[in-house]
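Protein chains in written order, with our numbering: chain Y, 469 to 819; chain A, 223 to 536. Take a look at the structure below.
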Amino acid sequence: MFRLEARTSTPAWFNLALPFLAIVVTLILCSGLIAVAGAGVTEAYGVMLSASLGDSYAITETLVRAAPMIFTGLAVAIAFRAKFWNIGAEGQLLAGAVASCAVGAIPMPGYLAMLLMALAGAAAGAIVALVPATLRVKFKVDDVVSSLLLNSVIYYALMALIEGPWKDTFSGYPISPPIEDSANFPVLIEGTRLHLGVIVALIAAPLCWFLIARTTLGFRIRVTGENAEAARYGGISVQRVLLSTALLSGALAGLAGVGEVGGVHFQVMSDISPGYGYSGIVVAMLARLNPLGVVPAALFLAAVMTGAEAMSRATGVPAFLSDVIQGTALLAMLVALLFTAYRIRRVGASA
Amino acid sequence: MSAVFEQIFQVGFLAAIIRIATPLAFATLGEMFSERAGVLNLGIEGIMLLSAMAGFTAASLSGSLWLGVLVAVLVGALMGALHALFTVALGLSQHVCGIGVTLFSSGLAYFLYRLIFGQQSVPPSIDGFKPVAIPLLSGIPILGPAVFNQFTLVYLAILAVPLAAFVLYRTPWGLSVRMVGENPRAADSAGVSVIATRFQAVILGGALMGLAGAFLTMAQFNAFTFGVVSGRGWVAIALVVFGRWDPWRSAGAALLFAFVDALQLRMQASGLGHIPYEAFLMLPFIFTIVAMAFMSRNAVAPSALLKPFRREER
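This is the structure we're talking about:
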């Protein structure tokens, strides 16, 4: 028999190695699916790697894809730290995209437009996140379920907009009008899609780390998450902390939508997010809820997503493999986390 | 007002409610068993999707609908076992594991579907279940043709509700399930294996979620498409809360939700004013959130819900 036994201490190298361990296990498990699809495993992963990190253009594409997941990853990491179970980053992202698109369509000087787009998008995301938080604080409604259900509500609201008042009357497609050219985020490297928003995402991560690790609000968030009873006893208003966390988390998820509108699509369509909100959960867990870890975790998932399309074209393995990899990585990471607190002990029959 | 009343008591409308409620009832009962044993299963959305795909594929390849149902149930049970492995055996966070199971099984469903059927402009369809009229009962005015001229899986759902109530409240196993969900320590002292009971409940729950998925692709739509589950799993989780973790109330919640959904379909079809149809599509979700706000104050969840059990930790 095997038994889990509590660890008294965890070696530091082990903590750092865990996400990599989880990723390696994931790639090994998913290679079975590549084999089932009738392709060479090394070939398929090779194509994925070269298409996502092989040359400077591939790297910029991966960075562009990582940006929204850095934001949603930060949103989830901060929320989960307070045990505010925000599964609604997807809807908050969509709300942010809609709000920033509405603002970006108004003619005004470029930098003012970008600033207002960011503010509007963050505010929209924050307002959406406030709904499950308020329902939990006031009515004891489970935040997991309400934030999940809200994703569908926001999605249909977006669809109503782009099939109704925002519909492209010229082509008849359900696509919003584009934002003003002056509001398009500047491209950093000519010939690529690397836009200003990517840099903002990369800066947001250390800022969030500072907020969580070094500020009073960060302290309150951590204490509330670790032990709400103790927090209450220590004079922290748990309700207020939950609402602040929701505002912060929603604003970050909203910014993910702003980046997609301002830097990538310049308009809103039904598939503006391929589930970046849910990927944020995977990112946050791989990062062990540490904002600094969010960046490499988002880069990994972005590389998988960018690479999967090229792999599909080259080998015929369905690109949905990237979704399977995401789910497997999340589960593998959860199991790996278990080993920071426990180790497996063999319990002998004679003992 | 009387016009609305007439609408509601039309045969077609009643039949639509029953049809919409069926997969929700299976899914809600499945989630209820799992939660009654103390395990929240957020994998439900993905489990329904993977089961729907697997059942459709099996039925399509073998030509046997019942084989498809069997495969869907087995796949659901298997995914339930996976969730139990993570949350019960290893004691990991039920929230995050559930999302992981959903991401994993949805990804797998789309991956395998594309692998088996390739990319086609029109999704392949099957000859799904046909309504079966029950002699005598189907002759009852209004109620007869609406309720007793339905798919066999609908009758199965109608029978599943009293059966679930009987199993939960009247059998030793049901007592064990309730005990490990309320007070696992006491159950353990009484000689009930917490781990085994929770595994069984989550696997049974997964099997019922599989039935829900099977209904979608083999009776309701007769094809597997990307939006085939579209949030029904999440709704089922809300319906468990709304139904206060009771089979009868949960079934009632599923019927109420189906009523709102059928109503929005009718309102869409009638082209009410210039209201966009998406407003109606979001209506059931808003209804569920509002209903939860009213119900959650008094709702008493199983007290060990979300809490892993490790024997050596006292």
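All C-beta atoms, glycine included, are put in the ideal place defined by N, C-alpha and C.
The beta carbon of residue 729 (chain Y) sits closer than 6 Å to those of 565, 568 and 569, all from its chain and outside the five residues before and after it, given in chain order.
At a cut-off of 8 Å between beta carbons, residue 650 (chain Y) makes no contact with chain A.
For residue 329 (chain A), the nearest beta carbon of chain Y is closer than 8 Å to its own beta carbon. Within chain A, the residues placing a beta-carbon under 7 Å from that of residue 627 (chain Y) are 500, ordered along the chain. Assignment of alpha helix (DSSP H) within the segment 291-355 of chain A, counting only whole runs of 4 or more residues, yields 316-339 in chain order.
At a Cβ-Cβ threshold of 8 Å, residue 776 (chain Y) and residue 765 (chain Y) do not count as neighbours.
In the three-state scheme derived from DSSP, where H, G and I count as helix and E and B as strand, residue 576 (chain Y) is classed as coil. Inside the segment 728-763 of chain Y, DSSP marks whole alpha helix (DSSP H) runs of 4 or more residues at positions 744-754, from first to last along the chain.
In this chain, the alpha helix (DSSP H) harbouring residue 422 (chain A) covers 416-437.
The Cβ neighbour count for residue 695 (chain Y), taken over all protein chains shown within 10 Å, is under 16; the residue is labelled exposed.
Interface annotation, residue 511 (chain Y): not in contact with chain A, CB-CB separation never under 8 Å. A Cβ-Cβ contact shorter than 8 Å links residue 698 (chain Y) with residue 691 (chain Y). Per the coordinates, the alpha-carbon of residue 767 (chain Y) lies some 28 Å from the alpha-carbon of residue 646 (chain Y). Restricting attention to Y:707, Y:752, Y:666 and Y:510, the CA atom closest to the CA of residue 541 (chain Y) is found in Y:752. Residue 367 (chain A) is a Cβ neighbour of residue 233 (chain A), given a cutoff of 8 Å. Scanning chain A for C-beta atoms nearer than 9 Å to the C-beta of residue 749 (chain Y) yields 318, 321, 322 and 325, reported in chain order. The three-state secondary structure of residue 391 (chain A), taken from DSSP, is helix. The beta carbon of residue 560 (chain Y) does not come within 8 Å of any beta carbon belonging to chain A, so the residue lies off that interface. The Cβ-Cβ distance between residue 774 (chain Y) and residue 662 (chain Y) does not fall below 8 Å.
At a cut-off of 8 Å between C-beta atoms, residue 546 (chain Y) does not count as an interface residue with respect to chain A. Near chain Y, meaning a CB-to-CB distance below 9 Å, the residues of the segment 507-528 of chain A are 507, 508, 510, 511, 514, 515, 516, 517, 518, 519, 521 and 523. Judged by their CB atoms, residue 721 (chain Y) and residue 745 (chain Y) are nearer to each other than the 8 Å cut-off.
Going by beta carbons, residue 299 (chain A) and residue 428 (chain A) fall inside the 8 Å limit. DSSP places residue 511 (chain Y) in the helix class (H, G or I) of the three-state scheme. For residue 453 (chain A), the nearest CB of chain Y lies under 8 Å from its own CB, placing it at the interface with that chain. Cβ neighbours of residue 317 (chain A) within its own chain (closer than 8 Å, five residues either side excluded): 262, 264 and 528. Chain-order list of chain A residues neighbouring residue 553 (chain Y): 317, by C-beta distance under 7 Å.
Interface annotation for the segment 730-764 of chain Y against chain A: 746, 749, 750 and 753, criterion Cβ-Cβ distance under 8 Å. Distance from the Cα of residue 387 (chain A) is smallest, within the candidate group A:350, A:255, A:269 and A:425, for A:255. The beta-carbon distance between residue 802 (chain Y) and residue 322 (chain A), rounded to whole angstroms, is 6 Å. This is short enough to meet the 8 Å contact definition.
Contact between the segment 440-453 of chain A and the segment 393-402 of chain A is absent: fewer than 3 CB-CB pairs across the two stretches fall below 8 Å.
The C-alpha of residue 712 (chain Y) lies about 18 Å from the C-alpha of residue 758 (chain Y). Look at residue 596 (chain Y): its C-beta is not under 8 Å from any C-beta on chain A.
According to the DSSP secondary-structure assignment, residue 474 (chain Y) is paired through a beta bridge with Y:810. No Cβ of chain Y is located within less than 8 Å of the beta carbon of residue 266 (chain A). Note on geometry: alpha-carbon atoms of residue 612 (chain Y) and residue 259 (chain A) lie some 19 Å from one another.
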